[in-house]
Amino acid sequence: MKILRTAIVGLGRIGWQFHLPEVAAHPGFEPVAVVDPLPDRREEAAVAYGVRSYADLAPLLAGEAIDLVVIASPTPFHAEQALLAFEHGCDVFCDKPLAPTLAEAERMIEAAEKQGRKLMVYQPHRAGVEVVGLHQLLARNLIGPLYMIKRGRSDYIRRNDWQAFRKYGGGMLNNYGSHHIDELLHLAGSPPRKITCALRTVASLGDADDVVKVLIETESGLLLDLDINMAAAHPVPAWHVLGAYGSIVLDAQDHAWRVRYYDPAALGAGVVHDELVAPERRYGNIDETISWQEFVLPLSEVEPVDYYERCYGFYALDEPPFVPIEETLALMRTLATCRAQS
Ligand SMILES: NC(=O)c1ccc[n+]([C@@H]2O[C@H](COP(=O)([O-])OP(=O)(O)OC[C@H]3O[C@@H](n4cnc5c(N)ncnc54)[C@H](O)[C@@H]3O)[C@@H](O)[C@H]2O)c1
């Protein structure tokens, strides 16, 4: 088995809690070294995982033979660290968002191409049971042609860490937006043709956006409607997936997708009254009763994607990437358009 000698950069929330343990647990990866400016975090990693540790990426790359650099440092460092890794002949697995700006993301993608290195982004929402289950449901075509996906994420948080500040590439558009816009474009399977966005800073203690409203119309005509609201006292619904003959919602309490749909063949063509008087002074379509059906998909029945297994396939076995870089570029372009509008 090919073993990928791996360095992990940044031992914070995602580096320490996800990337380092995943790398250590997968037989195809060997965690060799880590980078963090904080000495206690370096020491903690050295003790727990037997890795060498560095305060900076440059000396690590100069002194170690590394195949893969996993970047989980704050977003402003992603570009310079990825470029350095490529120069040293390493591939890069980078946490989202790829960079704070489209220009930096493009520089990273160009450098990877020029130097023949691989670059993929960690977009965990694509791999989770919600999106995997939703893909399975959509493939069954119960709700007819899709016309809109509404996605919501809300809370009330007076955010006070680096991700609350614009100078660090913070804000909810970059942070949760890079998850949920990616998720929506991935489900749509079609790039944006029109994007409208409004950003507000309401409850955050920083200056970056914590209320994000995005409407995307895809090339295929699908509407993607995203609400990220960190200043909402009541929750907004997480999902509403709308097709011509039904819709799908996430039942947060039962952890299940609920589908409500009908068979259009059972309704026939329908009766139209086109004169200017409503029959029997009634509202709605009095000729028609829709026989709704229900289908439930418990999330416990859905198998999530094993991300590091897909990473191994991509970086070690030359399999297609789980997240193609063109899709990351589409996401970064969308984020840039949203920022430019706000
Ligand atoms: N995919 C996800 O679900 C997910 C979740 C959380 C964070 N992230 C992303 O991961 C990245 C890190 O976020 P976080 O929440 O773990 O941040 P964090 O603040 O919890 O941790 C950042 C860590 O990086 C270290 N650091 C600071 N400067 C560094 C440098 N120059 N080189 C190396 N390490 C440095 C810090 O000391 C800290 O240990 C961000 O890009 C963020 O958007 C992704």
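For the sequence shown, the numbering used here begins at 633 and goes up steadily by one. Glycine included, C-beta positions come from ideal geometry on N, C-alpha and C.
Secondary structure within the segment 649 to 701: the beta strand (DSSP E) runs of 3 or more consecutive residues, fully enclosed, are 661 to 667 and 684 to 686 (chain order). For Gln713, there is no enclosing beta strand (DSSP E); the enclosing alpha helix (DSSP H) has its first and last residue at His710 to Glu719.
At least one heavy atom of ligand 1 is found less than 7 Å from the C-beta of Phe709. In terms of side-chain proximity, the C-beta atom of Val868 is found no nearer than 7 Å to any non-hydrogen atom of ligand 1.
Between the alpha carbons of Lys826 and Ala968 lies a distance of about 13 Å.
For secondary structure counted as the alpha helix (DSSP H) over 4 or more consecutive residues, the segment 797 to 828 holds these complete runs in sequence order: 808 to 820. Here DSSP, grouped into helix, strand and coil, assigns Ala830 to strand. Only residues of its own chain outside the window of five on either side were considered, and among them Leu817, Ala820, Ser822, Pro823, Pro824, Arg825 and Leu856 have a CB closer than 8 Å to the CB of Thr850, listed in chain order. Exclusion of the five residues before and after Ala888 leaves Val928, Leu929, Pro930 and Leu931 as the residues of its chain whose Cβ lies within less than 7 Å of its Cβ. In the three-state DSSP reduction, Tyr940 falls in the helix class (H, G or I). Lys782 counts as buried, since no fewer than 16 other beta carbons sit within 10 angstroms of its beta carbon.
The alpha-carbon of Val724 is positioned some 24 Å away from that of Gly803. Residue pairing of Phe725 in beta bridges, as defined by DSSP: Val702 and Met752.
Remark: the C-beta of Ile646 is in contact range of ligand 1, defined as less than 7 Å to any heavy atom. Remark: the shortest separation between the CB of Lys750 and any heavy atom of ligand 1 does not fall under 7 Å. Taking all protein chains shown into account, Tyr915 has fewer than 16 neighbouring C-beta atoms within 10 Å of its C-beta and is therefore exposed.
Distance from the CA atom of Pro956 to the CA atom of Leu858, rounded to whole angstroms, is 22 Å. Assigned with DSSP and collapsed to three states, Thr733 falls in coil, not helix or strand.
Proximity of the beta carbon of Lys799 to ligand 1 is not indicated: no heavy atom of the ligand is located closer than 7 Å. Here Ile703 is near Cys726, since their CB atoms are less than 8 Å apart. Excluding five sequence positions before and after Gly784, the CB atoms of its chain that fall closer than 6 Å to its own CB belong to Asp859, Val868, Pro869 and Ala870, given in chain order. Rounded to the nearest angstrom, the Cβ distance from Val761 to Pro936 is 5 Å, consistent with a contact under 8 Å.
Non-local beta-carbon contacts of Val834 in its own chain, meaning distances under 7 Å to residues more than five positions away in sequence, involve Asp842, Val843 and Ala863 in chain order. Cβ atoms of Ala656 and Met964 stay farther apart than 8 Å, at about 30 Å. Cα atoms of Tyr754 and Ala876: separation of roughly 33 Å, rounded to the nearest angstrom. Beta-bridge partners of Asp883 (DSSP): Ala888. Beyond the five residues adjoining it in sequence on each side, Pro663 comes within less than 7 Å, by CB distance, of Thr638, Ile640, Leu652, Val655, Ala656, Tyr681 and Val683 in the same chain, given in chain order. With respect to the 8 Å criterion, Tyr947 and Leu689 are not classified as neighbours on the basis of their beta carbons. The beta carbon of Ala830 sits closer than 7 Å to the beta carbons of Lys845 and Ser974 from its chain, once the five residues preceding and following it are set aside; these are given in chain order. Positions of the beta strand (DSSP E) runs, each at least 3 residues long and wholly inside the segment 903 to 937, are given as 925 to 930 in order along the chain. Between the segment 888 to 904 and the segment 792 to 808 there are fewer than three C-beta pairs closer than 8 Å, too few to call the two in contact. In terms of Cβ geometry, Arg798 and Asp839 form a close pair [threshold 8 Å]. Less than 8 Å separates the beta-carbon of Asp668 from that of Leu643. According to DSSP, Met780 shares a beta bridge with Leu855 and Leu874.
Around the CB of Trp924, fewer than 16 other CB atoms lie within 10 Å, so the residue is classed as exposed. Across the structure, Arg673 and Gln649 are spaced so that their CA atoms are roughly 12 Å apart.
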